[in-house]
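For the sequence shown, counting from 1, position 297 maps to 1552 in our numbering; every step adds exactly one. Even glycine gets a Cβ: it sits at the ideal position worked out from N, Cα and C. Notes follow once the structure below has been shown.
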Amino acid sequence: MQRNRSKQKSLSKTSLSHTTAKKNDRETITAYDLATDGKAIAKGEDQIIVFVKDLLPGEKAKVEIIKKKSTYKLAILAKLETTASFRSLPPCQYYELCGGCQLQHISPELQTNFKLKWFFETLKRIGKWNHSHFSKAEQILEVVYLKKEYYRRRIRLHFDGKNLGFKQSSSNKVINISKCLISTELINHKIEFIKKTLLKCVSLLENKHWECEIEVTESDDGKIVINIADIFNFEKSLQVGNIHKIIEKNLEINQDQHILIKHPDLQKFKLKKQSFVQPHINCIFHYYKYIKMSIDFFLKKNQNKIQNFITYDLYSGAGVFTGIPYFVGQQYNLKINCYGIEGIKEAIDSLNQNYKNFPVQGKTQNVDDFINEQFQLKSQDPNNYQGIHILILDPPRAGCTIPNMQKIVELCAKNALILYLACDPASFARDSRVLLEGGFQLNNLTLFDSFGHTTHYEVLGCFEKNE
């Protein structure tokens, strides 16, 4: 998942002109690798590491140093002297300025190859997976390729009083756009309307010193849902509430409007407009499919060993995945109790409404508090504590933390399955090592290239324990 996922920051000459490097401090370098933020890595003439935006491994270039530290330097491309075979012409006219994409200058198939390389390096460097676990990961990893353009069902547009678009790399300057290469076509068709309407709002308000962020989401019923994400008021003569009312009225925002999601097992799945939504228009289908396959295999294998399955979906959001164990268990006539835990009440309200006709329940509770509460219950009465049989983890970028993962290992039953869906590979590498060291085996590992032209991707790990 991608909650509060900030755009990868790249460095531009404009935004870093305040640094201490001399304006014409140039070097000739040859890049030998690509960092996880999309910048090329090279060694300068003084053997200090140099990070360069828009350069590729194997390419030789003159670069301008814009920032110096004792252990590294940051540079921008001044003149490309040799070109890599996999360099591509960026398909987006805003690529050189916009901070949303980092890899458009790399051919699509090579983008995925770099993500694979980064992931394995992360397992080693941050996860510190041992040789046996790492070799298993290399053997079983499957890559799922998703649509690379016109795929984002939700974007957040910035309006500065004149321009509507995305922030420039490492800057607060808004790049005015008419369309976005990675946003869905329906959203792109709405951008010009939003821009004209916000300019109209500026003319209607005496206070001209305000900015806002508008969240635009494509619902699976073909409608576009608009929400005011934030307002920045730089002049106190007009209250933010008044600005909000004017924007809401002119953009024809319906506060009661919901987002509809096509759900594999539910006829109707609704989210409140402020709720987290998986960004890729097709990703839910793929994530759901792989989670469901692993749960099916586990339930089939253990159907005669366990009478009452306890399953939890932590960081459940509105519960897209929460009911999977129940739906799979129906074909084996199994008794399965499904619970979703999420700290945001509006999300749990949606979960309980979506599953009102099924034995799936959501609870509003901070996940850390839930884990500590369950750990205390087990400590007080270990003989009668019912361990968790199936656990779905879909945390934010920070992951679950090592202490929480250690407690999760203790809370699981003798036969248990953990499915960890991660939007941050570093958190996944760190957290999953606790599972591997706690007696779980890695059964399946999938990398979803869900975010074409960016450095982002998602990973699903299936971990199982049997005693």
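Alpha helix (DSSP H) segment containing residue i, residue limits
| i | result |
| --- | --- |
| Ala1297 | Careful: Ala1297 lies outside any alpha helix (DSSP H), inside the beta strand (DSSP E) at Ala1295 to Lys1298. |
| Lys1434 | No alpha helix (DSSP H) contains Lys1434, which DSSP labels as neither H nor E. |
| Cys1678 | Neither: Cys1678 is in no alpha helix (DSSP H) and is coded neither H nor E. |
| Leu1506 | Note, Leu1506: premise wrong, no alpha helix (DSSP H); not H, not E. |
| Thr1452 | Glu1440 to Leu1459 |
Length of the line joining the Cα atoms of residue i and residue j
| i | j | result |
| --- | --- | --- |
| Leu1365 | Ser1682 | 24 Å |
| His1513 | Lys1528 | 5 Å |
| Ile1430 | His1413 | 9 Å |
| Phe1613 | Pro1580 | 12 Å |
| Met1660 | Val1689 | 6 Å |
| Ala1602 | Glu1282 | 52 Å |
| Tyr1400 | Tyr1594 | 31 Å |
| His1310 | Thr1377 | Checking the displayed sequence, the identity of residue 1310 turns out to be Leu instead of His. Using only the alpha carbons, I get a separation of about 22 Å. |
| Cys1347 | Ala1297 | 27 Å |
| Lys1450 | His1708 | 25 Å |
| Tyr1349 | Phe1706 | 18 Å |
| Thr1472 | Ile1539 | 15 Å |
| Asn1721 | Ile1550 | 14 Å |
| Asn1443 | Ser1433 | 7 Å |
| Asn1427 | Phe1564 | 51 Å |
| Leu1454 | Glu1440 | 23 Å |
| Ser1265 | Glu1319 | Reliability of the predicted coordinates at Ser1265 is poor, the pLDDT of 36 falling under 50, and the value obtained from them is presented with this limitation in mind. Approximately 15 Å between the Cα atoms of the pair. |
| Arg1685 | Phe1369 | 20 Å |
| Ile1591 | Gly1617 | 15 Å |
| Pro1650 | Lys1383 | 21 Å |
| Ile1657 | Asp1679 | 15 Å |
| Gly1405 | Ser1474 | Here residue 1405 turns out to be Tyr, not Gly, going by the sequence shown. Their Cα atoms are separated by approximately 15 Å. |
Proximity below 8 Å, CB of residue i to CB of residue j
| i | j | result |
| --- | --- | --- |
| Phe1630 | Leu1672 | no |
| Leu1606 | Thr1577 | yes |
| Gln1359 | Pro1345 | yes |
| His1499 | Ile1479 | no |
| Leu1648 | Leu1569 | yes |
| Lys1328 | Gly1293 | no |
| Leu1676 | Ala1392 | no |
| Thr1291 | Thr1619 | no |
| Arg1407 | Ala1484 | no |
| Lys1379 | Gly1416 | no |
| Ile1663 | Leu1646 | yes |
Buried/exposed call for residue i, threshold 16 Cβ in 10 Å
| i | result |
| --- | --- |
| Glu1507 | exposed |
| Glu1597 | buried |
| Gln1641 | exposed |
| Glu1490 | exposed |
| Leu1419 | buried |
| Ala1216 | Shown here, the chain extends from 1256 to 1722; a query on residue 1216 therefore has no answer. |
| Tyr1712 | buried |
| His1535 | buried |
| Thr1326 | exposed |
| Gly1574 | buried |
| Phe1524 | buried |
| Gly1477 | exposed |
| Thr1367 | buried |
Boundaries of the beta strand (DSSP E) in which residue i is found, first to last residue
| i | result |
| --- | --- |
| Arg1409 | Arg1409 to Phe1414 |
| Trp1465 | Trp1465 to Glu1473 |
| Lys1527 | Phe1524 to Lys1527 |
| Glu1351 | Here Glu1351 belongs to no beta strand (DSSP E), and DSSP marks it neither H nor E. |
| Lys1590 | Lys1590 to Glu1597 |
| Leu1715 | Glu1713 to Lys1720 |
Chain D contact for residue i (CB, 8 Å cutoff)
| i | result |
| --- | --- |
| Leu1396 | No chain D is present in this structure, which holds just one protein chain. |
**OP:** Check whether the stretch 1283-1299 touches the stretch 1313-1322, taking contact to mean three or more Cβ pairs, one atom from each stretch, closer than 8 Å.
**Re:** yes
**OP:** Check whether the stretch 1708-1719 touches the stretch 1543-1558, taking contact to mean three or more Cβ pairs, one atom from each stretch, closer than 8 Å.
**Re:** yes
**OP:** Taking 8 Å as the threshold, find out whether the stretch 1516-1531 comes into contact with the stretch 1493-1505 through three or more Cβ pairs.
**Re:** no
**OP:** Could you tell me whether the stretch 1390-1409 touches the stretch 1689-1706, using the rule of 3 or more Cβ pairs below 8 Å?
**Re:** yes
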